[in-house]
Structure formats: structure tokens, C-alpha cells
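Trainee: Let me begin by handing over the structure; questions about it come next.
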Amino acid sequence: MISFLGKRAVASAVSLIGLIVLVFFLSRLTGDPTNLYLPVDASLESRARFREINGLDDPLIVQFFRYAGDIIRLDFGVSVRRGEPAIDAVLRAFEWTLWLAVITMTLVTAAAILVGALAAFRVGGVFDRIATFFSLIGASAPDFWIAIVAIVVFSVTFGWVPTSGTGTVMHWILPVAVLFIRPFGLILQVVRGSMISTLSSAYVKTARAKGVKNRPIIFVHALRNAMLPVITVIGDQAAALLNGAVVVETIFGFPGVGKLMIDSILQRDFTVVLAAIFVTAVAIFLMNILIDILYAVLDPRIRY
Amino acid sequence: MAVAETGAPIPEPPHPALQILRMLWRDKFAFAATLFLLVVIFCAIFGPMLFEDVATRQNLRGRNAAPFDFSKDWSFWLGGDALGRPLLARIIVAAQNTITVAAGAVACSLAIGTALGLVAGYTSRGLSQVIMRLADVIMSFPSLLLAVIVLYMLEPSVGNLIIVLAITRIPVYLRTSRAEVLEVRERMFVQAAQVMGASTGRIVFRHILPVVFPTLITIATLDFAVVMLAESSLSFLGIGIQPPEITWGLMVSQGRPYLTSAWWLSFWPGLAIILTTLSLNLLSNWMRTALDPVQRWRLETRRES
Amino acid sequence: MAAPLLEIRDLSVDFHTAQGNLHAVRNVSWHLDRGETLAILGESGSGKSVSASAIMNLIDCPPGRIASGEILFEGRDLLKMSGEERRRINGKRIAMIFQDPLSHLNPVYTVGFQIAEMMTAHGLPKAEARARTLELLERVGIPDFRTRIDAYPHQFSGGQRQRLMIAMALALKPDILIADEPTTALDVTVQAQILALLEELQNETGMGLLLITHDLGVVAEVADRVVVMNSGQIVETGSAAEVYRSPHHPYTKKLIAAVPGTGAMADPLKTGVEVLLDVKGFSKHYGDFVALDGATLSVLSGETVAIVGESGSGKSTLARALLRLTEPTSGEACFGGRDLVTIPPKELFALRREIQMVFQDPSQSLNPRMTVFEIVAEAFAIHPEILPRAQWKDRVCELLEQVGLDASHMRRYPHQFSGGQRQRIAIARALALQPKLIICDEAVSALDVSIQAQVIALLRSLQDALGLSYLFIAHDLPLVRDFAHRVVVMQGGRIVEQGPVARIFDAPREAYTRNLIAASLSPDPEIQAARRAGRRLHAEAGR
């Protein structure tokens, strides 16, 4: 187990380094930050001073290694736009996103597993057909469209919930509801498919021959085996949410890391972009390890 | 029956195409989805040719015209946009860009991802590791962010959009095809070919790829929907296709300021997106059943109970 | 006369398939009494398991449908009961064990949980169930049962897993135990132990035992009465001895005639024949594990050498290493004067034509997406020097006819053929390269007995016509006895004994070989009864 985690850490570190290299050079290629940070009519001297202060005169490669050295000390630099350390802005935003992801994924997982397991028990039955149809609609829904339609219906027409911002519990309802839909549809599909195959497996046949009741057959015998492929998909969906639900955060004015990243890119605020990517990548790495451990807990045949 | 086993084998089944049609007919949802997709594809190919003029003509009396006014020309049945252009005609014309971007991205990522997956699955550990780490990097990169960065560097044209979306989807095919190859290469018929002296190329293209391909096509169908949604999101955020070109996602975005006064501006193109992706999902679901020999009977037998 | 414990009357079950309605069983009737062992004998597709599934309510509807009939358990029709009533009977009154215990045990729960669940599902408190589980594990002979109760199914051997299934099934002392091919995947020595255990437990509890099998030897060993099924119908019923001695139905006669191990054994080849393959000190190590340990053997031109041994004996590793599907760790293998291990790739490619292989399961060794023509002609595509493309079609026709297939079927796909026909296709593919040696790795193990006999006859006639040599890997001793010139016995990666077939079978030198031969079952109930009596005497004398 320990050596497995070690290997995972090395592989992830390699990926993380690749990621940082990629982002750094890609973001520098998008244009000279001087043009963005300073007014159009800034004098040549002030431009030169700005470059000197920020080290933008050095060759790119030198800038990169300086940056890499800072990252090792977890120093991402100060955001020129915000006038505060980039990492502070990112961590503040990340907290919002983390809560959004945790709440949404908890609801999604519980609902999808329950509905998917019951749907698979009578394939082709009424419940199954209704569940399948709605899961397909959910998996097909463009979230930005759902979001704006939901705002029109629930906020503007009925006035039940606020349109955007944060502050009260009511502010969370629409973002969570909109983010719920697609992962729910996708995970429900996987749960259902996986349950169908485990329910037709030989050990379920044994359980039926033993006279075990239906409920333990579904939730004890079949479900635990069916969870293995499901966990992978839950992980992917959770990763997508941790990366920031850009569209939904933008529409609902939610101060999460997705919105922060988009705003920072549009403002050429590299320090924040890089810090945000680093933080989310580390979070996703930790989550993946959690998933690997969960695998081993669920299936005694898996020993790393 | 087993004793007289050198007799005739199982009777010849009907022609494969006929069999597929029959299985499609059994699943009415999948059948309807296929019909709808055929209509969308028709619009994508011939829409701009036929209705470009209608869709771009501005009509001041038709500004934000309400839908379902059947006294007007057919193109206004779904209403008019803020410049008085007919929504129905615009949706038909926009199908081309929407479908081209999605189809292009899926085709590219399918081809590149599968090729890399075959290599990763059937060669030395070293090369395989490099390819897999590359996939990890792409996977751990927020795909929308990658799109934003690249599209800021390049022109947000149809071609560039295809490239960006294709890159973000490559890992899906790469991982699937590699996993499948690792499984298929251990099968007996691959070993039988090795025993005969078959070359690596022959084993990969003649024995492994045809077995893996149906799975990949099923995923590609599903992915088509994912890519469409991603393109729509980009266009919605204003970093995808730029006006005067149109896509469905861009139309939703353009209608957003009028949400409270003229809901149909955003609603119809959004509905077009959801119906298309829903159809793709239904078709992919059907394919998964039809291609699985264990589950296939569900489509081959008449429903009685 | 009292009603029998279990009686099936006029049972018909249909399944919906692509080819329309399949009558899985038609108008089947039989009964089972307390303390009795009834065997249902049939080949694959005969519908022998269907009535058992119907008893246990395991038929999925759809695609299945019970068209007619009654299943009377103590006089009450199971088919008229509610689902809940049937659930209470399952496990408690009628229990079942299956072939392939690994897939029939839930991989993610401990065996202790799964055995105790049998009891808790029928209302026993948990603590009591666990105590009883320990007793059961001890009774079926699981070593270290106090710690092993918390182990998972994958941590047991195949034979132990079947013991666990038996412990589970007998937890509530059921009136009937249904055993569906309980020993099919097991080695012969393990099979003998499991059958003996079942018999002991039956004597203890007085349960009725319904045994479903394809193996006449198993019938001879344990059954009182036998029901012979073919194509969903009962063709013959009677006491096991009666049916074997004087079968009435032509199908039963054919089945009994096809059982191997009764014919004359082959004489060794004359001396002075050329040595085709000479293997010396062949070894294969996987890390610390020695799969193959210094195997030395030779195959003469035109000779059949059988390699027998139980699972894990290294016989398949030997075949794979000879074909360079895995690299041997050490040793040499001279084929026609060249060492297969050190030969350069280009010569290896040419040599591949001369050594071919026929795999165990033809449904997996034929590419499902290629037609029969493509499968056989692939040999010519890989080795273009054999034949110009224009002649491929004629040659494929010729090969198919040579192996007894209709050449007009060459545009069909493998799944359109039966198991025996598929193995013929695989043989045609091997022949296409005109090899000198064919390695048959359990090539007929997956086939029904009557098909086995036909494929063996084909192999023999091809040997006579083409002068082929076979390296015939098998676990089935009677089959080897009929077919081989020489026999090599392997155990734990080592060759323990080799010699002419008559010497091995009539005068085995090693204890292992003797055990192997003793454990393989004769289809004759009288012979088995005599052997059982002999064993009992032996055991009592030993006490």
C-alpha cells in the first residue's frame, strides 16, 4: 500500500510538473502582460520599470525557473491586479468551490445509487424506463441553458430564490440544483449498467438459491460489487467540479475558483491562474488517492 | 442434436443491415433519436445553402416576434430575434457550425486517441508510460481553461475550436483503447495469430482493432454530445465562435439579455442542443445493448410482458 | 405409497432467442425420494440444468417462460406459491451448489459471512449462525477453519471453494441438495474427494441428492437412478447400472459408446524413426515461482505424446514456452536440428509454419469478426510463399472438407457453428501451414464426450494421412489412454514419469501416477461400486 502510494505520488508529481510547464508557457504566449497591466498611454519608461520590477526582461526560461523555485516554497507571487498574494485569492475561492462540490456530489451520489440500483432490479419496468429517460435528459442537458431557464422560472417569475450572489442558504439552491443534473444523469447510467451485470452474476444466483430477500440481494450482494466502476465515474465528475464549474459559477455570480480562473485569464493575471491550477491539481490528486483507498476497502481482491 | 454435429450449422441469419434495422425498430426511443439526428445532419449539410438569405435578412417588424404566430412566414413560427431575424431559419443554419465543430473534434480525438492507445497497449512499457502521463496531464488540466487559453492565442475559428476540443477529448479514447487492447491481446485468437507468425501490425489492425472498435464508436457517440455541450459553453462564454458566424450555444448567449421579455430567443436553440444530445445519448445507449452479446436479446425479442 | 419428496410433472420451459422460441425442456417428468441420488445426465444444450433452475426459481422471465407443468415438493406445487413462500423454501428445504464455485461466491464478502447468511436469511440469530458456520467449516474439512472463516473466496483453492459451497448449502440441513456439475472444473483427485464428501453427508442427513452432470463416470460413482436428457427431452430413465448395461435409446447407446478409456492402447512406434522435437532441461521461472522445472522429453515423427497432469503442473507453460509465447528461462528445444530458444527471429518466423497449436476453447481461439475463409486463409496471408492468392479459395475448400466441414460454409462466422465444428475450423487453420507438429492444449476438454470422440478420430486420421506428430496436453486420462503413443506425467512443474502408454496405465511406477489413474472414474457403475468397496476395506484395514 505504502509503495503504491509512493508510485502514485511520483506519477502525479510528473504530471503536475508537466502541467505547470504547459500553463506557464501557454499563458506567456498569449501576450505581453505589460500591455494589459498598464494604461495604453503609459510612457516607455514606466513600461520598462514595470518589466524590470516584475522580471519580465529576463529570457522566458529564466522566468520559468525563478517561478518554479518560488512554487516549491509555495510562493506563487502577488497578484498584480488584486494586490494580494495569489494563493490567498485562490484559497478563498477554492473554499467556495469545495463546498459546492462536496454538497453537490454527496446529493448526486446518494440519489444516483439509490435510483440506479432500483431501476436495474426490474430492467424494462416502469420505474426503470422513467429513471432511464430522466437520466438521459439529465446527461444531455447544457448546464448554462438549464441555469438561465431556472433563473427565469424560479427567480424572476416565482421569486422563490435569489438570482445570483452568496450569503444565505437560498443562494446555494439553484447552483447546486443545476450542477446536480448532469453528474446525476451520468452516474445513474453507470450505476444502472453496472447493477444489471452484477445482478445477473453467478453469486447473485447463489444468493437467490439461498433464499436471501430481495433487498439484501440488491444492496448487500450486488451493490458493493457494482460500485467499483461507479467510483471511477464519481471521481471524474468530482474532479470536473473541483476544477471549477466555470459556467454555472459565472451565471450565478458564485465566487468559486472557476470564476476566478476565467476572470484572471481575461485579465492576464498569471499568478492567480497558475496558483489556481496548482491548488486544484493537488486537490484532485488527493481525491484520486482517496478513491484508490476506497477501491481497496470495497474489494478485498485489490491489494496494492 | 450434438451427436449429429457435422450436419448443417445454425441457419443463416438475415442480412446484417436488416438485423440492425430490426433491432433499432424494437427500441422506439433509439429509432426516433436516429430519425431526429438524420434531420439535424440534413440541416447541417444543406441548411446554409438553402436558408442563408432567410436567416440573415433583418426584418424590423419581426423584432423579438413571439413564437407560434402561424399567420407569418414559416421561418417565424418559432419567433424572431432582437434584429428581427427568423429564429427557425437561424437554428437550421446554425446546425452546420455546431455539428461541424463537434464532428470534427470527435473524429480527430477518436483517430489520434485510438492510435496512441493502440501503441500504448501493444508496445514497450517505457513508451506506454510516456503516453499515459501525457494523458494524465491533459486530464488534470481543466479542459475549458485549455480552450480559453488556446483560443486567446489563436483565432477562435471553427478549425481552431476543433483542435482545442479534440485535444481535451483525446485521453478518453486513449485510455479506453489501451485498456481494451491490454485485454484483447491476451485472448486466444491473438495468440493463435502469433503462433502462425503474424506481424505486430497484422495483429493490431486485423485482430485487435476490429474487436475494440465497436466500444470506441459507442463512446464516440456519447462524446459527440459532450463536445457539443463544451462548444456551446465556450460560445456562451463568448470565447468560441464569434458573430456573424452562429452556433446554437452562441444563440443562447445572444438571447440572454432578453430572457425576461423574450424567453424564446434562448429557449429554442437550447432545446435544439438538448434534443440533439439526448438523441445521441439514446443512440449510444442502444448501441451499447446491441453490441453486447449478453444483453442483445433485449432488442431481439418481442416485448410480451 | 407416499408421495415422493420432489416430483416434476410435464415441465416445459421456453426461452425467447433471436432465432425464435427455444423449447429448453419439453414435458419433463421425474421424481426424487429421500436419501436417494438421482443424476440428470446430458450434454451441453440438452436442458439438463433447466428443471433445477425452475425448482429454485432461478429462471429469468423474460426471456424464460414456464409453459406448462408442476413442481411438487412434498405434494405442494412450487409454481403456484408466492415469491415469499418460495424464498423460504430456497436454502432451508432445498439447497443448491454450482459448477465454478469461484464465480458463485461473492468476491467482496468473507466466506464466513456468506455461509452465516444462509442461516440469518432464514431467521437464525447472528451469533448462533457464526458458531454453526465454524462447525460446518470443520465438517467439510477446511484446515485452520477458525482463522479462515474471515478469509475471502479468492484466497481458497478450487476444491476448497466447492467445500465452502457445500457447507453453505447444508447449513440448514435441507431435504434436498441440487448439485449442478459440482466437480466439472476440478482435478480428478479433488473430484473424488468432493464426491466422497457428498456421499458421507447424504448418509448423515438422509437428504435427497439431485446431481446434474455430463460425466458418465460421476453417474457411475454416486447415482442410484439416472435420467438421460437430449435436446430438452428425457430419452431414458432407470437405475444407473441398468442404463449402463442395457441402454434402450440410440442416443444413450451412442453416449456410452463414445466414453473414452475402453479401447485398445497404442503400441509404441518402431525404433529408428526420426526424432522431431528434443527438449532438454526446459525451465520457466516467474520470479521465485518455478512453473516449469527442467523438463526433458522428445517427440518422434508421426508420434502422439500426451502430457498429463493436474492444474498447476506446468503442462501449459511447457506448450507456451515451446511456441515462444513466453520465453523459457533455461534449457534447449531442438526441432529439426535447430534450437527453438536461440533461433534468430527470421528463422523463427519460417519455423512457425512447422509447429502449430490447437487451443482449448475454440470459441475463443477463433476471431469472432472474421469469416471461416479469412481465418483459414490468414495462414497464406502471413506466409505468402505457401500459395499464390488465386489458389487460396480452392485450398481452403480442400482443408475444410479434410476436417469434415461443408466447404460452402466458409463465408460464415465462427459463432454460427457448434463447439465441435469450431474446433474443426481451428484444426483446419493449423493444417493450412502444413506443420509437422501440432501442439493440442486441452484441445477437446471443452467439448461434449460424443464430440470429443469425433475430434479425436479426426486427429488420428490426419496423423495417418499426413504423418503429423502431436504433443497432446490433457487432464483427462481415459482420453489419453485411447489416443497417445507415449505419456508424460507432470506434477508441480516437474516430469515425474514418462513411458509408453501401456506401461504407464498398466504398471505405473510413481505413487502420483497411480493416484491419478485411481481417481479417474469409470463409466461402469459396477466397476465404481467395486472400487468404492475396495477403498472402504482399505480404510477400515488402515484403522
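Chains as they are written, first to last, in my numbering: chain A, 1273 to 1576; chain B, 284 to 588; chain C, 24 to 566.
Every residue, glycine too, gets a C-beta built ideally from N, C-alpha and C.
Small disclaimer: the values here were computed from a predicted structure and weren't measured.
#1: Could you have a look at Thr406 (chain B) and say whether DSSP puts it in helix, strand or coil?
#2: Nearest by alpha-carbon distance to Arg1581 (chain A): which of B:Val431, B:Trp546, B:Arg489 and B:Gly409 is it?
#3: From the DSSP output, which residues share a beta bridge with Phe312 (chain C)?
#4: Just list the residues that DSSP pairs Ile31 (chain C) with in beta bridges.
#5: Please tell me whether Pro197 (chain C) and Arg99 (chain C) are closer than 9 Å, where the distance is taken between their beta carbons.
#6: Check the Cβ-Cβ distances between Asp83 (chain C) and every residue of chain A, and say whether any is below 9 Å.
#7: If you measure between the beta carbons of Leu1532 (chain A) and Ala1361 (chain A), is that distance less than 9 Å?
#8: Hey, Leu320 (chain C) and Val510 (chain C) are a contact pair by Cβ (cut 8 Å); roughly how many whole angstroms apart?
#9: Report the residue ranges of all beta strand (DSSP E) runs contained in full by the region 1341-1388 of chain A; include only those spanning at least 3 residues, in chain order.
#10: Answer with buried or exposed for Ser1275 (chain A), where buried requires no fewer than 16 other C-beta atoms within 10 angstroms of its C-beta.
#11: Hey, would you say Pro501 (chain C) sits closer than 9 Å to Gly284 (chain C), going by beta carbons?
#12: Could you tell me the alpha carbon to alpha carbon distance between Pro213 (chain C) and Glu333 (chain C), rounded to whole angstroms?
#13: Is Asp419 (chain B) close to chain A? Criterion is C-beta to C-beta, closer than 9 Å.
#14: Within 10 angstroms of its Cβ, does Arg1287 (chain A) collect 16 or more other Cβ (buried), or is it exposed?
#15: Is Ala449 (chain C) close to chain B, meaning its C-beta is less than 9 Å from at least one C-beta of that chain?
#16: Have a look at B:Ser440, B:Val323, B:Ile446 and B:Ala394 and flag the residue whose alpha-carbon is nearest the alpha-carbon of Leu457 (chain B).
#17: My understanding is that Phe1296 (chain A) touches Phe1348 (chain A), with C-beta atoms under 8 Å, so please give their C-beta distance in whole angstroms.
#18: Return the CA-CA distance between Lys459 (chain C) and Ala476 (chain C), expressed in angstroms with no decimal places.
#19: Does the beta-carbon of Asp210 (chain C) have 16 or more other beta-carbons within 10 angstroms, so that it is buried, or is it exposed?
#20: For Thr339 (chain B), which residues in the same chain have their Cβ closer than 7 Å to its Cβ, ignoring the five residues on either side in sequence?
#21: Which two residues bound the contiguous beta strand (DSSP E) that contains Asp203 (chain C)?
#22: From the DSSP secondary-structure annotation, give me the bridge partner or partners of Ser492 (chain C).
#23: Beta-carbon of Ile1359 (chain A) versus every beta-carbon of chain B: anything under 9 Å?
#24: Determine the chain A residues that contact Ser126 (chain C) at a beta-carbon separation under 8 Å, and present them in chain order.
#25: If you reduce the DSSP assignment to three classes, tell me which class Pro176 (chain C) lands in.
#26: With DSSP as the reference, label Pro369 (chain B) as helix, strand or coil.
#27: Which residues, in chain order, does the region 463-492 of chain B contribute to contact with chain C at a C-beta distance below 9 Å?
#28: Any idea what DSSP makes of His39 (chain C), helix, strand or coil?
#29: Note the first and the last residue of the continuous beta strand (DSSP E) segment covering Pro523 (chain C).
#30: For Gly149 (chain C), count neighbouring Cβ atoms within 10 angstroms of its own Cβ and tell me buried if that reaches 16, exposed if not.
#31: List the residues of chain C whose Cβ lies closer than 8 Å to the Cβ of Val494 (chain B), in chain order.
#32: For Ser126 (chain C), which of helix, strand or coil comes out of DSSP?
#33: May I ask you to list the residues that DSSP assigns as paired with Ser353 (chain C)?
#34: Enumerate in chain order the residues of its own chain whose CB-to-CB distance from Ser1412 (chain A) is below 6 Å, with the five nearest sequence positions on each side excluded.
#35: If you draw a straight line from the C-alpha of Arg1364 (chain A) to the C-alpha of Ala1512 (chain A), how long is it?
#36: DSSP three-state call for Asp356 (chain B): helix, strand or coil?
Mentor: Inspection of the coordinates gives the following:
#1: coil
#2: An answer regarding residue 1581 (chain A) cannot be provided, because it is not within the stretch 1273 to 1576 covered by chain A.
#3: In the DSSP output, where bridge partners are listed per residue, Phe312 (chain C) has C:Tyr309.
#4: C:Trp53 and C:Ile94
#5: Between Pro197 (chain C) and Arg99 (chain C), the gap from beta carbon to beta carbon reaches 9 Å or more.
#6: yes
#7: yes
#8: Not really, about 10 Å apart at Cβ, beyond 8 Å.
#9: none
#10: Looking at its Cβ environment, which holds fewer than 16 other Cβ atoms inside 10 Å, Ser1275 (chain A) is exposed.
#11: yes
#12: The sequence shown places Val at residue 213 (chain C), not Pro. In a straight line, the C-alpha of Val213 (chain C) is about 10 Å away from that of Glu333 (chain C).
#13: yes
#14: The sequence given here has Ser at residue 1287 (chain A), not Arg. The residue in question, Ser1287 (chain A), is buried, as its Cβ has 16 or more Cβ neighbours within 10 Å.
#15: yes
#16: Put simply, of B:Ser440, B:Val323, B:Ile446 and B:Ala394 the residue whose alpha carbon is nearest the alpha carbon of Leu457 (chain B) is B:Ala394.
#17: Contact annotation, Phe1296 (chain A) with Phe1348 (chain A): C-beta distance approximately 12 Å; criterion of less than 8 Å not satisfied.
#18: Taking the straight line from one Cα to the other gives about 23 Å.
#19: buried
#20: Arg368
#21: That run of the beta strand (DSSP E) goes Ile199 to Asp203.
#22: C:Leu460
#23: no
#24: Ordered by position in chain A, the residues that pass the 8 Å Cβ test against Ser126 (chain C) are Ser1473, Ala1474 and Tyr1475.
#25: DSSP places Pro176 (chain C) in helix when its eight states are reduced to three.
#26: strand
#27: Of all residues in the region 463-492 of chain B, those with a C-beta nearer than 9 Å to a C-beta of chain C are Arg470, Met471, Phe472, Val473, Gln474, Ala475, Ala476, Gln477, Val478, Met479, Gly480, Ala481, Ser482, Arg485, Arg489 and His490, reading in chain order.
#28: strand
#29: Arg517 to Pro523
#30: It should be noted that the sequence gives Lys, not Gly, for residue 149 (chain C). Around the beta-carbon of Lys149 (chain C), fewer than 16 other beta-carbon atoms lie within 10 Å, marking it exposed.
#31: Asn390, Pro391 and Arg392
#32: helix
#33: C:Ser306
#34: none
#35: 19 Å
#36: It is coil, neither helix nor strand.
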